[in-house]
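Numbering (the numbering used here), first residue to last: 9 to 95. Where is the CB? At the ideal position from N, CA and C, for every residue including glycine. All figures in this text were calculated on a predicted structure; none of them were measured in a lab.
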Amino acid sequence: MNLYRISHNEFVDMEMYDSAVVVAENVEEAKKIIPAHWIRNWLPDKDDRDSWVAPEEVNVEFIGVVDADYLDMLNGRTTVVSSYNDG
């Protein structure tokens, strides 16, 4: 698995992500990830698609390769860290 920084060039409003570091098999999979946020724990019905952009608008930068121990620590999560503009 690989580590990628995903971001976009769209206008960033309140309650939107501007970037994240994610784990994915490849660039195309990284583009499809919607950054996870703590709000899912409090509002599980909230649609995070409103907080991110469409896959074709995502910029992807390769950071490196993730080892098995790190993957185990993530426990199935794909978002390592995200930048969210709370409103």
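In the structure shown, E69 adopts extended strand secondary structure according to DSSP, grouped into three states.
Counting C-beta atoms within 10 angstroms of its own C-beta, S91 has fewer than 16 neighbours from the protein chains shown and is therefore classed as exposed. Burial is judged here by how many other beta carbons sit within 10 angstroms of a residue's own beta carbon; M81 has fewer than 16 and is exposed.
S27 and E18 have their C-alpha atoms roughly 11 Å apart.
Minimum Cα-Cα distance from T86 among the listed residues V61, M22, K40 corresponds to K40.
Checking the DSSP bridge columns, you'll see S91 partnered with S27. Counting only residues of its own chain and dropping the five nearest sequence neighbours on each side, A44 has a CB closer than 6 Å to the CB of T87. For I14, the enclosing beta strand (DSSP E) starts and ends at 10-16.
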